[in-house]
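Each number in the working numbering comes from the position in the sequence shown (counting from 1) with 4 added on.
From the three backbone atoms N, C-alpha and C, an ideal C-beta is built for every residue, glycine too.
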Amino acid sequence: MATVNLSDYQPLKISDASSFRIGIVVSEWNNFVTDNLRDGALETLLKEGVKEDHIKIFNVPGAFELNYATMQLCKTGYFDALIAIGCVIRGETPHFDYVCSAVAQGIKDCNILTDVPAIFCLLTDDTKEQSIARSGGALGNKGIEAAVTAMQMVAFKRDL
């Protein structure tokens, strides 16, 4: 388990993020975690200069549905990057393993099959407490990290 807050970052060296168009796909399952991840991502994008009307939030029922929604949004050509936010907490069955693996593969496919960076922000924790710690608790907020990554990838793509 990480012992430091990984969400501390220096302001990015992106000259102008105001034209970036970012989509955020959020799983409603475990929303006590995903809402915090979404809020961290949104706050970071705005702080870095992304215009509020260039950020679109889409809700889906669960983590498994992140793949479909993210892929469909990648295909629109509207967004410069997409952030897929979800949380799967291990239970007593192998369901956790199947869902986590499928979402990882699906978001990977978005990156390979489209020209739009898709950022993987799926917490895959053993306990509710671990998820809380990574969604604004003692270990930071992975939503912040996902937003930073999205902006860095947009800048990377534009610099090509």
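Buried or exposed by the 16-neighbour rule on C-beta atoms within 10 Å, applied to residue i
| i | result |
| --- | --- |
| Ala-150 | buried |
| Gly-147 | buried |
| Gly-27 | buried |
| Ala-137 | buried |
Rounded separation between residue i and residue j - CA only
| i | j | result |
| --- | --- | --- |
| Thr-7 | Gly-140 | Its pLDDT being 46, under 50, Thr-7 is placed unreliably in this model, and the value from its coordinates should be taken loosely. The straight-line gap from Cα to Cα measures roughly 14 Å. |
| Glu-133 | Asn-35 | 14 Å |
| Val-103 | Asp-57 | 32 Å |
| Gly-53 | Ala-85 | 15 Å |
| Gly-90 | Cys-125 | 6 Å |
| Thr-128 | Ile-61 | 22 Å |
| Val-107 | Phe-100 | 11 Å |
| Phe-68 | Val-92 | 10 Å |
| Ile-18 | Thr-153 | 12 Å |
| Met-155 | Pro-65 | 26 Å |
| Leu-164 | Gly-44 | 28 Å |
| Val-30 | Cys-78 | 15 Å |
| Gly-110 | Pro-121 | 13 Å |
8 Å contact criterion, which residue i and residue j should meet: CB distance rounded
| i | j | result |
| --- | --- | --- |
| Ile-123 | Ala-73 | Rounded, the Cβ-Cβ distance is 14 Å, inconsistent with contact. |
| Asn-63 | Glu-32 | 5 Å |
| Asp-130 | Arg-94 | 5 Å |
Reduced DSSP category for residue i - H, G, I as helix; E, B as strand; rest coil
| i | result |
| --- | --- |
| Phe-124 | strand |
| Ser-139 | strand |
| Ile-116 | helix |
| Gly-147 | helix |
| Phe-100 | helix |
| Phe-68 | coil |
According to DSSP, residues forming a beta bridge with residue i
| i | result |
| --- | --- |
| Leu-86 | Gly-27 and Ala-122 |
| Ile-18 | DSSP output for Ile-18 lists no bridge partner at all. |
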